[in-house]
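If you read the sequences in order, they're chains A and B. Position one of the first sequence corresponds to residue 1 (the numbering used here), numbered consecutively onward. Position one of the second sequence corresponds to residue 115 (the numbering used here), numbered consecutively onward. For glycine and all other residues, C-beta sits at the position ideal for the given N, C-alpha and C. Since the model is a prediction, treat every value here as computed from it, not as a measurement.
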Amino acid sequence: GAGVSQSPSNKVTEKGKDVELRCDPISGHTALYWYRQSLGQGLEFLIYFQGNSAPDKSGLPSDRFSAERTGGSVSTLTIQRTQQEDSAVYLCASSHGHNTGELFFGEGSRLTVL
Amino acid sequence: AQSVTQLDSQVPVFEEAPVELRCNYSSSVSVYLFWYVQYPNQGLQLLLKYLSGSTLVKGINGFEAEFNKSQTSFHLRKPSVHISDTAEYFCAVSGSNAGNMLTFGGGTRLMVKP
C-alpha cells in the first residue's frame, strides 16, 4: 500500500516478555519516527531516524526500549522485559525529511501488557 | 525545546454550532505549527499547518487556524461542525530549524452531538 504500515495491529503479552513492533514507512521517505500514545495522554516522542544519521533516542523512556532501522526503510521497535506501564498504542510516522513538518502516520500497534 | 498545551481535554458541541479548540505553545525559537486529527481507530492525519506567511491558515474539512505570535497561540476553528468531525485533535509544534520533530499537545476530544 501507499501508506505507513505497522504490525501487529494488536499485541497482548505477559509482563516480562519481549515484544517487537514493526513499521514500514512510505517508500522514499527518509525520516521515520516512533511515538507512544497512552490512554488519555498526548503523543510522546520516542525516537527519530533521519537518513544515515545517528538516531535521536532522547525520548526513549528506559534502556528496555530500543529501535533500529535497516537499510533506511523498515524499522523495528523492541521493548524488553515489558511492564504494565508499557501498555499503549505505538505510532510510527514517516516524512520526506525536509522541514515541512508533514508526518504521515500508521494506524498504530496497540500493546497490552498483562 | 518546545511545549504545547491544549487547554481543553474534551469539547462537546451540538451539530452545526461553531467550535474553537485552543492551543498554546512555548518555544525559544521560531516555530512551525500543526493540527492533526485522529478519527476513531485510525492514524493521525494532517489537518493544516503554519510555516510562514499569512497567519490565517485553512485546512481540510472546513477547518482553519490562526497563528498569533504575541499570544503564542494557534487555535483551531470551524464555523459549523458535523457529526463526522467527532475525533481527537492534536496541536503540534516544531522548531523551524529542528527537522521534522514534532512535539504534540495532549489532545482535545471533539464530541459533536445531534
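When the distance is taken between beta carbons, is A:PRO25 closer than 8 Å to A:SER73? yes
What does B:LEU121 reach in chain A if we use C-beta pairs closer than 8 Å? The contacting residues do not exist; B:LEU121 stays about 13 Å from chain A at best.
Which residues in the same chain as A:GLN84 place their Cβ atom closer than 7 Å to its Cβ, once the five residues preceding and following it in sequence are excluded? LYS15 and VAL113
is_contact[A:TYR90, chain B] using C-beta, thresh 8 Å: no
Whole-number beta carbon distance between B:VAL118 and B:ALA206, since they are thought to touch under 8 Å: 6 Å
What distance in whole Å lies between the Cβ atoms of A:GLN37 and A:LEU91, which are believed to be in contact at a cut-off of 8 Å? 6 Å
Would a C-beta distance cut-off of 8 Å place B:ARG191 and B:ALA179 closer than the cut-off? yes
Please list, in chain order, all residues of the same chain as A:LEU43 whose beta carbon is under 6 Å from its beta carbon, the five residues on each side excluded. TYR35 and GLN37
How long is the line joining the alpha carbons of B:LEU135 and B:ASP122, rounded to whole angstroms? 7 Å
Compute the distance between the beta-carbons of B:VAL145 and B:LEU224, then report whether it is under 8 Å. no
Would you verify that the beta carbon of B:LEU160 is, or is not, closer than 8 Å to some beta carbon of chain A? yes
With a threshold of 8 Å between beta-carbons, can A:GLU102 be considered close to chain B, or not? yes
Does A:ARG81 pass the burial test, meaning 16 or more other C-beta atoms within 10 Å, or should it be called exposed? exposed
Using a Cβ-Cβ cut-off of less than 9 Å, give me the residues of the segment 31-56 of chain A that come near chain B, in sequence order. ALA31, TYR33, TYR35, GLN37, GLY40, GLN41, GLY42, LEU43, GLU44, PHE45, TYR48, GLN50 and ASP56
What does the alpha-carbon distance come out to for the pair A:GLU20 and A:ALA54? 21 Å
Kindly list, in the order they appear in chain A, the residues whose Cβ is closer than 9 Å to that of B:PHE204. GLY42 and LEU43
What does B:PHE218 touch in chain A if you count any residue whose Cβ is under 7 Å from its own? GLY42 and LEU43
Under the three-state reduction of DSSP, which class applies to B:SER210: helix, strand or coil? coil
7 Å Cβ shell around A:ALA88 - same chain, five flanking residues per side excluded: ARG36, GLN37, SER38 and LEU111
For A:PHE65, return the contacting residues in chain B, with the cut-off set at a CB-CB distance below 7 Å. Ordered by position in chain B, no residue passes the 7 Å Cβ test against A:PHE65, which lies about 17 Å from the chain.
Excluding the 5 residues preceding and the 5 following B:TYR139 in the sequence, name in chain order all residues of the same chain whose CB lies nearer than 6 Å to its CB. VAL118, THR186 and VAL207
Which chain B residues sit within Cβ distance under 8 Å of A:GLY116? Any answer about residue 116 of chain A is impossible in this case: the structure gives chain A only from 1 up to 114.
Let me make sure I understand the geometry here. Which of B:GLN120, B:VAL151, B:SER141 and B:PRO228 has the alpha-carbon closest to that of B:SER184? B:SER141
Interface residues of chain A facing B:GLY221 [CB-CB closer than 9 Å]: GLN37, GLY40, GLN41, GLY42 and LEU43
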